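Trainee:
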Amino acid sequence: MKALLLPQILAAILGIFLSTGFGSPYKVPKIQTENITPPGYLSQAMISPSNIQHSPWPEHFIDPTLNYGLSLVLPQSIRKGLEFGAGYDRWEGLPTVNADYFLPIKGWSDKSVFFTPRVSLTGTKESFSVGAGFRHLLTSEALVGFHAFHDWVRPRRSKGEFLKEAGVGLEVSALPGYYSDINFRVNAYFPINERRTLDRDSTMILEEVLPRGGDARVGILLPTLSPWLDIRLDASAHSYRAENTDITGYRVGMSLSSRNGMFTANLEQGKDSMGGENFRVDGGITLAFDWAELFKGAMPFSAPYSMREVRYNRNIRDSLYERVVRKHNLPADRSERPIALAAVVSGDTVSFRGSFPDLSNSKVTVQVSHSPWQDYGEVITNSKGSYQGRLRLPPGKCRIRLIHKPTGCVSEARIIMIGSSDRIE
Numbered sequence: 004m005k006a007l008l009l010p011q012i013l014a015a016i017l018g019i020f021l022s023t024g025f026g027s028p029y030k031v032p033k034i035q036t037e038n039i040t041p042p043g044y045l046s047q048a049m050i051s052p053s054n055i056q057h058s059p060w061p062e063h064f065i066d067p068t069l070n071y072g073l074s075l076v077l078p079q080s081i082r083k084g085l086e087f088g089a090g091y092d093r094w095e096g097l098p099t100v101n102a103d104y105f106l107p108i109k110g111w112s113d114k115s116v117f118f119t120p121r122v123s124l125t126g127t128k129e130s131f132s133v134g135a136g137f138r139h140l141l142t143s144e145a146l147v148g149f150h151a152f153h154d155w156v157r158p159r160r161s162k163g164e165f166l167k168e169a170g171v172g173l174e175v176s177a178l179p180g181y182y183s184d185i186n187f188r189v190n191a192y193f194p195i196n197e198r199r200t201l202d203r204d205s206t207m208i209l210e211e212v213l214p215r216g217g218d219a220r221v222g223i224l225l226p227t228l229s230p231w232l233d234i235r236l237d238a239s240a241h242s243y244r245a246e247n248t249d250i251t252g253y254r255v256g257m258s259l260s261s262r263n264g265m266f267t268a269n270l271e272q273g274k275d276s277m278g279g280e281n282f283r284v285d286g287g288i289t290l291a292f293d294w295a296e297l298f299k300g301a302m303p304f305s306a307p308y309s310m311r312e313v314r315y316n317r318n319i320r321d322s323l324y325e326r327v328v329r330k331h332n333l334p335a336d337r338s339e340r341p342i343a344l345a346a347v348v349s350g351d352t353v354s355f356r357g358s359f360p361d362l363s364n365s366k367v368t369v370q371v372s373h374s375p376w377q378d379y380g381e382v383i384t385n386s387k388g389s390y391q392g393r394l395r396l397p398p399g400k401c402r403i404r405l406i407h408k409p410t411g412c413v414s415e416a417r418i419i420m421i422g423s424s425d426r427i428e
């Protein structure tokens, strides 16, 4: 009999060995560098442990062991909605934890209210999230849902302020008939605060903020084209942007699976501003093995399921308790602004920049001095108090500074040598 325990175990092991796949080689993502200081400007390099790039494989996971233990300890009603993983980052010397919980607060036959707390501790980052949502069956074949969330994130060992964001999402699912379905999800992300810190020399303001943006996903199970084959189309697009961050991309894919579980195939093509273009093709064959048939001299290999069985359960009511799909851990957008005056000399031209953090959209006077200070011109600070400009000076030694006359705020004075050996002191 196929129901024997030993044949099932051996069939599962054999299925692993018989599974096959092929695809394009793995592509190393392109690394984008932020050119915060334009070429030629003076800037202060800052080296800290958080800037060091470690191995791409820093984690040692112990997730299966913990999950097995939790399945024995926690009630099934709690374990069902919990995704839990843990490990140890040997580079940072810290344990890592990831816990994502989907908790239905209230359920009716045609609607549900749910709560979604989440905790993620990696070797370099700690993030917390809380969300809630509502789903409603409009008809027996159509569902709509809304959810909102709030996220906090900061470096792992930091005791400073969290970067925060809020977001909202919309879900729509429908069964248009002919054994097909459509799922559509869209999320929007909005930064709430900006974190400002000084570097160790108090010469640069470091600003960080989470990018704003959105993502959308759509999945379609095509109507039955063959009595033994299911075809699903999936597509997604995303865009997350800030002052120095521009992450956009898309992905389209098609998956084919036989209803008897023997054959699967996937085709996928995508593009991302961080990782470039990618293309993937893979497939697999899974066979069940029956010792009883082998002893009878018959063919022992067969499909895992009977073709008469309906593998895909198209009950849209199950979508009332599906986990929310959205983006976690958006990268922080970081920029640096000099507080002290920074300048570079090229021939008789001096390029300068700096900032008065508390003077946004203000008129600032540029002063130069060979002996007494003299007004040379004016520049306007931007919304963050930053300024930049250029001026031409005669050969010799002079000083330069910027002053906001209404308040008396003055930048640090720099000594500049114009001539054959240009330098700044």
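Going left to right, the sequence shown walks through residues 4 to 428 as the numbering used here numbers them.
Positions of the beta carbon are idealized from the N, C-alpha and C atoms, including for glycine.
None of the values given here were measured: they were computed from a predicted structure.
#1: Taking the alpha-carbon of Y243 as reference, which of G216, I234, L405, G88 has the nearest alpha-carbon?
#2: In three-state DSSP terms, what is A443?
#3: Can you round the beta-carbon distance between L213 and L124 to whole angstroms, since I take them to be within the 8 Å contact cut?
#4: Please list the terminal residues of the continuous alpha helix (DSSP H) segment that includes A295.
#5: Give me, in chain order, the residues of the same chain whose beta-carbon lies closer than 7 Å to that of W376; leave out the 5 immediate sequence neighbours on both sides.
#6: Could you pull out every residue in the same chain whose Cβ sits closer than 6 Å to the Cβ of N196, ignoring the five residues on either side in sequence?
#7: If contacts are defined as beta-carbon pairs under 8 Å, then L344 and L405 qualify, I think. What distance do you get, rounded to the angstrom?
#8: Roughly how many angstroms separate the alpha carbons of S143 and S261, rounded to a whole number?
#9: Among residues of its own chain, excluding the 5 on either side of F105, which ones have a beta-carbon nearer than 7 Å to its beta-carbon?
#10: Roughly how many angstroms lie between the CA atoms of A89 and T248, to the nearest whole one?
#11: Roughly how many angstroms separate the alpha carbons of S115 and G172, rounded to a whole number?
#12: Can you tell me which of G180, K408, I403 puts its alpha carbon nearest to the alpha carbon of S415?
#13: Under DSSP, the beta strand (DSSP E) around F193 begins and ends at which residues?
#14: Examine the Cβ distances between the stretch 353-361 and the stretch 143-163 and report whether three or more of them are shorter than 8 Å.
#15: Just mark M302 as buried or exposed, buried being the case when its beta carbon has 16 or more other beta carbons within 10 Å.
#16: Per DSSP, what are the beta-bridge partners of A346 in this structure?
#17: Nearest by alpha-carbon distance to W111: which of K408, L140, G136, G134 is it?
#18: If you reduce the DSSP assignment to three classes, tell me which class S322 lands in.
#19: Measuring alpha carbon to alpha carbon, tell me which of S205, F359, R329, G286 ends up nearest F3.
#20: State yes or no: is the beta carbon of P214 nearer than 7 Å to at least one beta carbon in chain C?
#21: Assign R395 to one of three DSSP states: helix, strand, or coil.
#22: Alpha carbon to alpha carbon, how far is S338 from T40? Give it in angstroms, no decimals.
#23: Just the C-alpha distance for G388 and V221, rounded to the nearest angstrom, thanks.
#24: Is the separation between the beta-carbon of I421 and that of D351 shorter than 7 Å?
#25: Which word fits S51, buried or exposed, when buried means at least 16 other C-beta atoms lie within 10 angstroms of its C-beta?
#26: Hey, how far is the Cα of A245 from the Cα of F165?
#27: Among R235, D184, V122, which residue has its Cα nearest to the Cα of L270?
#28: Excluding the five sequence neighbours on either side, which residues of its own chain have a C-beta within less than 6 Å of the C-beta of S305, listed in chain order?
#29: For the candidate residues T384, V122, F193, whose alpha-carbon lies nearest to that of A335?
#30: Name the DSSP bridge partner or partners of T99?
#31: Should E95 and G126 be called a contact, given that it needs their Cβ atoms to be closer than 7 Å?
#32: In its own chain, which residues sit with a C-beta less than 6 Å from the C-beta of A135, not counting the 5 before and 5 after it?
#33: In whole angstroms, what is the alpha-carbon distance linking D103 and G264?
Mentor: The short version:
#1: Residue numbering aside, residue 243 sits at position 240 when the sequence shown is read from its first letter. Of the listed residues, the one whose Cα sits closest to Y243 is G216.
#2: The chain is shown only over 4 to 428; residue 443 falls outside these bounds and no answer can be derived.
#3: Taking the first residue of the sequence shown as position 1, residue 213 is located at position 210. Taking the first residue of the sequence shown as position 1, residue 124 is located at position 121. Their Cβ separation, rounded to whole angstroms, is 18 Å, which puts L213 and L124 out of contact at 8 Å.
#4: For the purposes of this step, residue 295 is taken as residue 292 along the sequence shown, with counting starting at 1. 294-298 is the span of the alpha helix (DSSP H), which, as asked, contains A295.
#5: Within the sequence shown, numbered from 1, the residue matching residue 376 stands at position 373. Result list for W376: Q370, in chain order.
#6: Counting from one through the sequence shown, the residue named residue 196 turns up at place 193. Only K167 meet the Cβ criterion.
#7: Looking up residue 344 in the sequence shown gives position 341. Looking up residue 405 in the sequence shown gives position 402. Correct: roughly 7 Å between the Cβ atoms.
#8: The residue you call residue 143 lines up with position 140 of the sequence shown. The residue you call residue 261 lines up with position 258 of the sequence shown. Near 27 Å, if we compare the C-alpha coordinates of S261 and S143.
#9: Position 102 of the sequence shown, counted from the first residue, corresponds to residue 105. Closer than 7 Å at Cβ, skipping near neighbours: G84, F117, T119, R326.
#10: In the sequence shown, residue 89 corresponds to position 86, counting from 1. In the sequence shown, residue 248 corresponds to position 245, counting from 1. Distance between the alpha carbons of A89 and T248 is about 30 Å.
#11: As a position in the sequence shown, residue 115 is number 112, starting the count at 1. As a position in the sequence shown, residue 172 is number 169, starting the count at 1. Spanning the two alpha carbons is a distance of roughly 16 Å.
#12: Within the sequence shown, numbered from 1, the residue matching residue 415 stands at position 412. Just to set this straight, residue 415 is Glu in the shown sequence, not Ser. Ranking G180, K408, I403 by Cα distance to E415 puts I403 first.
#13: Locating residue 193 in the sequence shown gives position 190, counting from the first residue. Taken as a continuous stretch (DSSP letters only), the beta strand (DSSP E) holding F193 covers 183-194.
#14: no
#15: Residue mapping note: residue 302 aligns to position 299 of the sequence shown, counting from 1. Exposed is the call here.
#16: On the sequence shown, residue 346 is found 343 positions in, with the first residue counted as 1. Its beta-bridge partners are F355.
#17: Along the sequence shown, read from residue 1 onward, the residue named residue 111 stands at position 108. Among K408, L140, G136, G134, the Cα nearest to that of W111 belongs to L140.
#18: Mapped onto the sequence shown, residue 322 falls at position 319. Residue state, collapsed to three classes: helix.
#19: Outside the displayed range of the chain (4 to 428) lies residue 3, so it cannot be described from this structure.
#20: Protein chain content of the structure displayed is limited to a single chain, and chain C is not contained in it.
#21: As a working mapping, residue 395 is identified with position 392 in the sequence shown. The answer is strand: DSSP assigns R395 an E or B state.
#22: For the purposes of this step, residue 40 is taken as the residue at position 37 of the sequence shown. For the purposes of this step, residue 338 is taken as the residue at position 335 of the sequence shown. At T40, the pLDDT of 31 sits below 50, so the modelled position is not reliable; the number obtained from the coordinates is stated separately. Cα to Cα, T40 sits roughly 9 Å from S338.
#23: The residue given as residue 388 occupies position 385 in the sequence shown. The residue given as residue 221 occupies position 218 in the sequence shown. Approximately 43 Å between the Cα atoms of the pair.
#24: As a position in the sequence shown, residue 421 is number 418, starting the count at 1. As a position in the sequence shown, residue 351 is number 348, starting the count at 1. Yes, they are a contact pair.
#25: On the sequence shown, residue 51 is found 48 positions in, with the first residue counted as 1. Because S51 sits at a pLDDT of 33, beneath the cut-off of 50, its placement in the model cannot be relied upon, and the point is left open.
#26: Here the question's residue 245 lines up with position 242 in the sequence shown. Here the question's residue 165 lines up with position 162 in the sequence shown. The straight-line gap from Cα to Cα measures roughly 18 Å.
#27: Locating residue 270 in the sequence shown gives position 267, where the first residue counts as 1. The candidate whose alpha carbon is nearest that of L270 is R235.
#28: If you number the sequence shown from 1, residue 305 lands on position 302. Excluding residues within five positions, the ones whose Cβ falls inside 6 Å are A291.
#29: As a first step, residue 335 must be located in the sequence shown, where it is residue number 332. Here the closest residue by C-alpha is F193.
#30: Numbered from its first residue, the sequence shown carries residue 99 at position 96. Its beta-bridge partners are G90.
#31: As a first step, residue 95 is located in the sequence shown; it is residue number 92 there, counting from the start. As a first step, residue 126 is located in the sequence shown; it is residue number 123 there, counting from the start. Cβ atoms of E95 and G126: closer than 7 Å.
#32: Looking up residue 135 in the sequence shown gives position 132. Answer for A135: F118, listed in chain order.
#33: As a first step, residue 103 is located in the sequence shown; it is residue number 100 there, counting from the start. As a first step, residue 264 is located in the sequence shown; it is residue number 261 there, counting from the start. So the two alpha carbons sit approximately 30 Å from each other.
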